[in-house]
Each structure stands twice: as C-alpha cells, then as structure tokens.
C-alpha cells in the first residue's frame, strides 16, 4: 500500500493500482474523432449511413451493392411472409 499525505492531511491515493488506468480505451476512428470535436464546438455533422452515399451514387463496390440487394430482398420476403400469415382482413 502506498500512501501520500499532502499538507493539511489530504491523501492523494491509497494504493499503486490508483496509478494504473482502469481499462484499455478502444481506438477512436477518424469519424468518431470528428464527431466529438464538432460536438465540443457546438456543431452538428450531417448524419450519414454506412455506405449509403456510395450506393446511391453508384460508386460503391459490387460487394456492397450485392449486400444491399440481399438485405432488401430479405425485408421484402419477411413482409410477404407476415402478410401471408395474417391473411387478408
């Protein structure tokens, strides 16, 4: 146990574990850093979905376009199954 007394009887820390960081901080992406800085300045960055601009403009990779098409077809099939299960009312 490590104990440091300051003038006036104040204790700064009680053990060596107080000097170590609590846990490893995750890496910050450039996008997150921009958002944090803008927020601290009182600004708002426009929201953008992952890959949405690339898909909309046609600049996305074939893999991204295929994934988006598969996602949309899954949604359509789920809606169709739901409608079939509930029937026409």
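Residue numbers (our numbering): 1 to 89.
Each residue gets a CB set at the ideal place from its N, CA and C atoms; glycine is no exception.
If you draw a straight line from the Cα of residue 62 to the Cα of residue 21, it is about 43 angstroms long. Each residue's CA atom was taken as its position, placing residue 30 and residue 39 some 14 angstroms apart. With a contact defined as Cβ atoms closer than 8 angstroms, residue 19 and residue 35 miss out at about 31 angstroms. Separation of residue 68 and residue 83 (C-alpha to C-alpha, rounded to the nearest whole angstrom) is 23 angstroms.
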